[in-house]
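In order, the protein sequence lines correspond to chains A and B. Every letter in the first sequence is one number past the one before it in our numbering, and letter 161, counting from 1, is 161. With the second sequence counted from 1, adding 1000 to any position gets you our numbering.
There are 2 protein chains.
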Amino acid sequence: MGDLAQALGVQKGSLYAHIESKADLLWEVAREGAEAFHAALDEVPDDGPVVERIRAALRGHLRVVAQQLDVATVFIREWRYLEGERRDTFIAERRRYEERFRALFREGRERGELRTDLDDGAAALLALSSVNWAYTWLRRDAGTDSLADRFTALLLDGMRGYSS
Amino acid sequence: MGDLAQALGVQKGSLYAHIESKADLLWEVAREGAEAFHAALDEVPDDGPVVERIRAALRGHLRVVAQQLDVATVFIREWRYLEGERRDTFIAERRRYEERFRALFREGRERGELRTDLDDGAAALLALSSVNWAYTWLRRDAGTDSLADRFTALLLDGMRGYSS
DNA sequence: TTTGGGACCGAACGATCGTTAGGGTGATGG
DNA sequence: CCATCACCCTAACGATCGTTCGGTCCCAAA
């Protein structure tokens, strides 16, 4: 709160003419984060090659991380400090996001665009881990699309030479 | 400190008969974490198929995460609260760990066991991201080896069907 | 012109937390 | 037997932090 007030050029107490509590602020940022990531997924077309949609989803996620790093940090890490009902509803929203991701891989498998023995749970976990971890090192001005493409290529084609 | 004292069945102040400061504790755990992860990497043989060594490295990392979750959490996340010189030396140790990981992928490419156009930096980043993120969801009793193997399979062979 | 209200200040409150101080106990070893 | 020392307690200190409160200023609506 002190830092926030200082960044606004205002005394600590003056903040409370605009907000109710610190917890409210965290909740607002968490909601904003959920909205941003879901919005990025909304931009992914719901038909066309699954591979391209996965690439678009990773691009979108990384873009949110890079361009709204603070919001993303709350969505990814700081949400833990939410309390009570807000915490529960946030977790549900977060699970929904992961589920939407997983559905991509499931559909890819079912359509035969991905390997038929694909473990879509592990696949979604792997993909989401890679982009979720990005908030720890990603710079705001990084070329996120090309990075997402490199991740996509690695995830889809693997690191072995056989498939090239 | 209060929680720690309570867990030990002791008053807060009594802790200081054994330690110097809270910062010292964090430093100790951070060092323990670095030691554990490096030790896990030491168990990986330095010859043989690179693919198997990568699998072993991921297994080792996940095992440390699962079995020493608190230590791993400090190594992965809480080290940020280290200060001064300790912070710097820790970061160096952490970078060295990442570099050892990356060397695996580089060697795999150079030996022709991995694709010749492999971006070993991105590959190491992807692999480390996947296992680093695990501390957020991994349960202590999880079958980490099989999980590491699933990750290894996905990373090496990819999610596309072509290579199977 | 008066009134109401939003924005802000300055100060303080109350809680938490890491740490210190002073004193007590009991076991150990010279 | 006595001194030492490790260990622990209670109490308090000082700093930080989120929040409250009374008061001032100023703009806009009545």
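Note that the Cβ used here is the ideal one computed from N, Cα and C, for glycine as well. All figures in this text were calculated on a predicted structure; none of them were measured in a lab.
In the DSSP assignment, find the alpha helix (DSSP H) that holds Q11 of chain A and state where it starts and stops. If you number the first sequence from 1, residue 11 of chain A lands on position 11. Note, Q11 of chain A: premise wrong, no alpha helix (DSSP H); not H, not E.
Going by DSSP, what residue range makes up the alpha helix (DSSP H) through R1150 of chain B? If you number the second sequence from 1, residue 1150 of chain B lands on position 150. Run containing R1150 of chain B: T1144 to D1157, per the alpha helix (DSSP H) assignment.
Alpha carbon of R160 of chain A to alpha carbon of A1127 of chain B, nearest angstrom: On the first sequence, residue 160 of chain A is found 160 positions in, with the first residue counted as 1. On the second sequence, residue 1127 of chain B is found 127 positions in, with the first residue counted as 1. Straight-line Cα distance between these residues: approximately 14 Å.
Judging by CA-CA distance, which residue of A:R59, A:R96, A:G108 and A:R106 is the nearest neighbour of A40 of chain A? Counting from one through the first sequence, the residue named residue 40 of chain A turns up at place 40. Residue A:R59 is the option with its Cα nearest to A40 of chain A.
Proximity winner among A:G158, A:V74 and A:E98, relative to R87 of chain A (alpha-carbon distances): The residue given as residue 87 of chain A occupies position 87 in the first sequence. Nearest C-alpha to R87 of chain A: A:V74.
Straight-line CA distance for R1077 of chain B to D46 of chain A? Translated into the one-based positions of the second sequence, residue 1077 of chain B becomes position 77. Translated into the one-based positions of the first sequence, residue 46 of chain A becomes position 46. R1077 of chain B and D46 of chain A have their C-alpha atoms spaced approximately 36 Å apart.
CB of H1038 of chain B within 9 Å of CB of R1080 of chain B, strictly: Counting from one through the second sequence, the residue named residue 1038 of chain B turns up at place 38. Counting from one through the second sequence, the residue named residue 1080 of chain B turns up at place 80. No. Outside cutoff.
Report back the beta-carbon spacing between A1123 of chain B and L154 of chain A to the nearest angstrom; my notes put them in contact at under 8 Å. Start at 1 with the first residue of the second sequence, and residue 1123 of chain B comes out as number 123. Start at 1 with the first residue of the first sequence, and residue 154 of chain A comes out as number 154. With 8 Å as the limit, A1123 of chain B and L154 of chain A qualify as a contact, their Cβ atoms being about 6 Å apart.
Outcome for T152 of chain A when other beta-carbon atoms lying within 10 angstroms are tallied against a minimum of 16: Residue mapping note: residue 152 of chain A aligns to position 152 of the first sequence, counting from 1. Flag for T152 of chain A reads buried.
For the segment 146-159 of chain A, list every residue whose C-beta sits within 8 Å of some C-beta in chain B, in sequence order. L147, R150, F151, L154, L155, L156, D157, G158 and M159
Got a sec, what are the start and stop residues for the alpha helix (DSSP H) Y135 of chain A sits in? Within the first sequence, numbered from 1, the residue matching residue 135 of chain A stands at position 135. Per DSSP, Y135 of chain A belongs to no alpha helix (DSSP H) and is neither H nor E.
Return the CA-CA distance between A1057 of chain B and S1146 of chain B, expressed in angstroms with no decimal places. Locating residue 1057 of chain B in the second sequence gives position 57, counting from the first residue. Locating residue 1146 of chain B in the second sequence gives position 146, counting from the first residue. For A1057 of chain B and S1146 of chain B, the distance between alpha carbons rounds to 13 Å.
Can you list the alpha helix (DSSP H) stretches of 4 or more residues lying completely in the segment 1074-1123 of chain B, in chain order? 1084-1110
Under 9 Å, Cβ to Cβ, is there at least one residue of chain B near D119 of chain A? Numbered from its first residue, the first sequence carries residue 119 of chain A at position 119. At least one chain B Cβ lies under 9 Å of D119 of chain A.
Beta carbons nearer than 8 Å to chain B: which residues of the segment 21-33 of chain A have them? none
Separation of T116 of chain A from V64 of chain A, as counted between CA atoms: Position 64 of the first sequence, counted from the start, is the residue given in the question as residue 64 of chain A. Position 116 of the first sequence, counted from the start, is the residue given in the question as residue 116 of chain A. Cα-Cα distance, rounded: 31 Å.
Give the interface partners of L126 of chain A over in chain B, defined as CB-CB distance under 7 Å, in chain order. As a working note, residue 126 of chain A is residue 126 in the first sequence. Those within 7 Å of L126 of chain A in chain B are S1130, F1151 and L1154.
Status (buried if at least 16 other CB within 10 Å, exposed otherwise) for E1110 of chain B: Taking the first residue of the second sequence as position 1, residue 1110 of chain B is located at position 110. The residue in question, E1110 of chain B, is exposed, as its Cβ has fewer than 16 Cβ neighbours within 10 Å.
Please list, in chain order, the chain A residues whose beta carbon lies closer than 9 Å to that of G1112 of chain B. Locating residue 1112 of chain B in the second sequence gives position 112, where the first residue counts as 1. By Cβ distance, chain A contributes G161.
Cα-Cα separation between L1026 of chain B and V51 of chain A, rounded to whole angstroms: Here the question's residue 1026 of chain B lines up with position 26 in the second sequence. Here the question's residue 51 of chain A lines up with position 51 in the first sequence. Going by the C-alpha atoms only, they are around 44 Å apart.
C-alpha gap between L1062 of chain B and T1144 of chain B, whole angstroms: Translated into the one-based positions of the second sequence, residue 1062 of chain B becomes position 62. Translated into the one-based positions of the second sequence, residue 1144 of chain B becomes position 144. If I take the Cα positions, the gap works out to 6 Å.
Backbone CA spacing between G2 of chain A and K12 of chain A [nearest angstrom]: Position 2 of the first sequence holds residue 2 of chain A. Position 12 of the first sequence holds residue 12 of chain A. C-alpha separation (whole angstroms): 6 Å.
Ends of the alpha helix (DSSP H) at D1141 of chain B? Counting from one through the second sequence, the residue named residue 1141 of chain B turns up at place 141. Counting along the chain, D1141 of chain B falls outside any alpha helix (DSSP H), and DSSP gives it neither H nor E.
Proximal residues of chain A, C-beta to C-beta of W1133 of chain B below 7 Å: The sequence position of residue 1133 of chain B within the second sequence is 133, counting from 1. Those within 7 Å of W1133 of chain B in chain A are S129, N132 and W133.
In whole angstroms, what separates the C-alpha of I1019 of chain B from that of D120 of chain A? To locate residue 1019 of chain B, count along the second sequence from 1; it is residue 19. To locate residue 120 of chain A, count along the first sequence from 1; it is residue 120. Those two C-alpha atoms are separated by around 48 Å.
Best match in B:G1158, B:R1140 and B:D1157 for proximity to V1071 of chain B [C-alpha to C-alpha]: By 1-based counting over the second sequence, the position of residue 1071 of chain B is 71. With distances taken between Cα atoms, V1071 of chain B lies closest to B:R1140.
Compare the C-beta of A92 of chain A with all C-beta atoms of chain B and state if any pair is closer than 9 Å. The residue you call residue 92 of chain A lines up with position 92 of the first sequence. Not one chain B Cβ lies under 9 Å of A92 of chain A.
Nearest to L1069 of chain B (by Cα), restricted to the options B:A1148, B:A1142 and B:D1157: As a working note, residue 1069 of chain B is residue 69 in the second sequence. The option with the nearest alpha carbon to L1069 of chain B is B:A1142.
Whole-angstrom distance between A1030 of chain B and V131 of chain A, CA atom to CA atom: Along the first sequence, one-based indexing puts residue 131 of chain A at 131. Along the second sequence, one-based indexing puts residue 1030 of chain B at 30. Distance between the alpha carbons of V131 of chain A and A1030 of chain B: 25 Å.
Please state if the CB of I1054 of chain B and the CB of L1104 of chain B are separated by a distance shorter than 9 Å. If you number the second sequence from 1, residue 1104 of chain B lands on position 104. If you number the second sequence from 1, residue 1054 of chain B lands on position 54. The answer is yes: Cβ separation under 9 Å.
Rounded to the nearest angstrom, what separates L1015 of chain B and D1024 of chain B at their Cα positions? Position 15 of the second sequence, counted from the first residue, corresponds to residue 1015 of chain B. Position 24 of the second sequence, counted from the first residue, corresponds to residue 1024 of chain B. In a straight line, the C-alpha of L1015 of chain B is about 12 Å away from that of D1024 of chain B.
Inter-residue spacing [alpha-carbon to alpha-carbon] between E32 of chain A and A7 of chain A: Position 32 of the first sequence holds residue 32 of chain A. Position 7 of the first sequence holds residue 7 of chain A. Distance between the alpha carbons of E32 of chain A and A7 of chain A is about 20 Å.
When you compare each of B:T1136, B:G1009, B:D1157 and B:G1112 to A1066 of chain B by their alpha carbons, which one comes out closest? Position 66 of the second sequence holds residue 1066 of chain B. Nearest in C-alpha terms to A1066 of chain B, of all of B:T1136, B:G1009, B:D1157 and B:G1112, is B:T1136.
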